[in-house]
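Below is one structure, written out as structure tokens; comments come after it.
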């Protein structure tokens, strides 16, 4: 017979009986077992907590008169057993749901709490656990990914979190860049206020508009409605007569970036240049547009 108590030797909760036949002429060991369903004698589920059980073995036999009698008895000491029906509590820190990243594997960290021992799995691989803090890695494929964090305690209760993460290792795509409607690279212009137009696109991360940098001759251009997530359409400043350099950096929300560097010239006014000075003693003077 097995008895379950709410405390050592007091508050009996449940009695369970198991029977096994033994040959008194044999020295073989016999084992009996009973399974407790976590209910009391009235059939109610007991609260979570620590309980104590003991086993009492009674050896019986049928005497010559056909009567069953107890001829020996032994009782074990109390042993503790914990009833745990609650799943572990799992949180991610930081929470990666909706994250778009350019790096794989993804480091996943968080906390887990439970009354008994617990294991944490990240996409099927066991995470390192120190005190209540866990950490592990999830390999990502290009595009959308599902990250599953599951915690299982010693009683078999489990809890899981599912997070959506995207891997984007490709930089934004830049469309053809133009200055005054001409291809920007090597353009020859006649204005110090040229209109610069370029489109950019990125998926799935999307262009990080606030991170776009556009410099002309080292000077950052103003940020206004002309700079959007779809492209740039604005009149440049800090343009000078002669040679100019333009540098455009377009990042996406995953940390990738595309870079465009172009040189262009602006003709403004006139100047006198000596061309082919080796052809004559004095050289040849030619009036050409400045720049």
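Residue numbers (our numbering): 1298 to 1588.
Beta carbons: idealized from backbone N, C-alpha and C, even for Gly.
From a predicted model like this one, the values you see are computed outputs, not experimental measurements.
### Query
Under the rule that 16 or more other beta-carbon atoms within 10 Å means buried, what is residue 1415, buried or exposed?
Buried.
### Query
Cβ of residue 1486 within 7 Å of Cβ of residue 1563?
For the 7 Å CB-CB criterion, residue 1486 and residue 1563 form a contact.
### Rounded C-alpha distance that separates residue 1448 from residue 1406
13 Å
### Query
Does DSSP classify residue 1483 as helix, strand or coil?
coil
### Query
What are the uninterrupted segments assigned as beta strand (DSSP E) that are 3 or more residues long and contained completely in the segment 1350-1436, given in chain order?
1365-1372, 1376-1380, 1386-1389, 1396-1398, 1403-1410, 1415-1419, 1425-1427 and 1430-1435
### Query
Below 7 Å between beta carbons: does that hold for residue 1401 and residue 1437?
yes
### Query
Hey, would you say residue 1385 sits closer than 7 Å to residue 1456, going by beta carbons?
Between residue 1385 and residue 1456, the gap from beta carbon to beta carbon is short of 7 Å.
#### Entry: Residue burial classification, residue 1533 (beta-carbon count within 10 angstroms, cutoff 16)
buried
### Coil, strand or helix - residue 1507 by DSSP
helix
### Task
Kindly list the residues whose CB is nearer than 6 Å to the CB of residue 1441, restricted to its own chain and excluding five residues on each side of it in sequence; keep chain order.
1463
### Task
Would you mind sorting residue 1356 into buried or exposed? The rule is 16 or more other CB atoms within 10 Å of its CB.
exposed
### Query
Would DSSP call residue 1467 helix, strand or coil?
coil
### Option nearest residue 1439 by Cα separation, candidates 1330, 1536 and 1502
Nearest option by C-alpha distance: 1502.
### Task
Compare the Cα-Cα distances from residue 1607 to each of 1420, 1366, 1316 and 1411 and report the closest residue.
The requested residue 1607 is not part of the displayed model; the chain covers only 1298 to 1588.
### Query
residue 1393 and residue 1432 look like a contact to me (Cβ under 8 Å); what is the Cβ gap, rounded to whole Å?
Not really, about 12 Å apart at Cβ, beyond 8 Å.
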